[in-house]
Amino acid sequence: DVKVTQSSRYLVKRTGEKVFLECVQDMDHENMFWYRQDPGLGLRLIYFSYDVKMKEKGDIPEGYSVSREKKERFSLILESASTNQTSMYLCASSLSGPSADTQYFGPGTRLTVL
Amino acid sequence: GENVEQHPSTLSVQEGDSAVIKCTYSDSASNYFPWYKQELGKRPQLIIDIRSNVGEKKDQRIAVTLNKTAKHFSLHITETQPEDSAVYFCAASRGRDDKIIFGKGTRLHILP
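The listed protein sequences derive, respectively, from chains F and X.
In my numbering, each residue carries its 1-based index in the first sequence increased by 340.
Just so it is clear: in the second sequence, position 18 is 16 by my numbering, and no numbers are missing.
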């Protein structure tokens, strides 16, 4: 059974702080993704990675960066948190292959920036 | 860019009735169309998917249809039950390590 975990369920930070959100998967998946989920806007892709040290911008990368030093771990970094980054952040992973495959999601981190 | 439109945003159906959620996509190269269900406070989970080489797929009370010419696909839930209440997301992808584009979601309420 695939397990995707995220470092925190709830996080409260102050404006200007550097924030790290960690995601770990235990199924040797090549692909990993970071989304933010806001009411009425669905799931919006921030960044994704299809291999170690590889990263690709998603639809809303501004204000975020990522790190993929190990296959199982994908970190989302908010260099200087702002109030408009208050959101639910979801990590996901999937197998690589000739066609797209199921994405397995983590439980989410609800981040509040004050 | 790629876009997935999903309708309706909210849907209420009587328990036992059917529910239909529709999505359209813009990228004609899309070939993989998954549907995710997210219960309140839980993570999204895949419930069914369809690839472009088939027009319909069924799994018990859930079915998905795909019309590649019109670039739309639909989720059908029959004999709805209270546990079907959730937010449903459609998505589309070109496959092969490509990103998945999600619709904005449909909140389905099953009325007693």
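Virtual Cβ for every residue (Gly too), placed ideally from N, Cα, C.
Query, Result
"Paired residues, beta bridge with F/Arg376 - DSSP", "F/Arg384, F/Tyr429"
"Pairwise C-alpha distance: X/Ala68 and F/Gly448", "35 Å"
"F/Gln377 burial status per 10 Å Cβ neighbour count (16 or more: buried)", "buried"
"Proximal residues of chain X, C-beta to C-beta of F/Leu430 below 9 Å", "Arg41, Pro42"
"Spatially closest choice to F/Ile417 from F/Ser433, F/Ser407, F/Lys411, by CA coordinates", "F/Ser407"
"F/Thr442: contacting residues in chain X (beta-carbon distance under 8 Å)", "Pro32, Leu44, Asp47"
"For X/Gln4, the nearest candidate out of X/Leu109, X/Cys88, X/Gly39, X/Ser83 (CA to CA)", "X/Cys88"
"Opening and closing residue of the beta strand (DSSP E) in which X/Ala3 lies", "Looking at the sequence provided, one finds Glu at residue 3 of chain X rather than Ala. 2 to 5 is the extent of the beta strand (DSSP E) around X/Glu3."
"Segments of 3+ residues assigned as beta strand (DSSP E) that fall wholly inside the region 385 to 412 of chain F", "404 to 410"
"Distance between F/Glu370 and X/Ala17 (C-alpha atoms, nearest Å)", "35 Å"
"The region 91 to 109 of chain X touching the region 15 to 34 of chain X, judged by at least three CB pairs closer than 8 Å", "yes"
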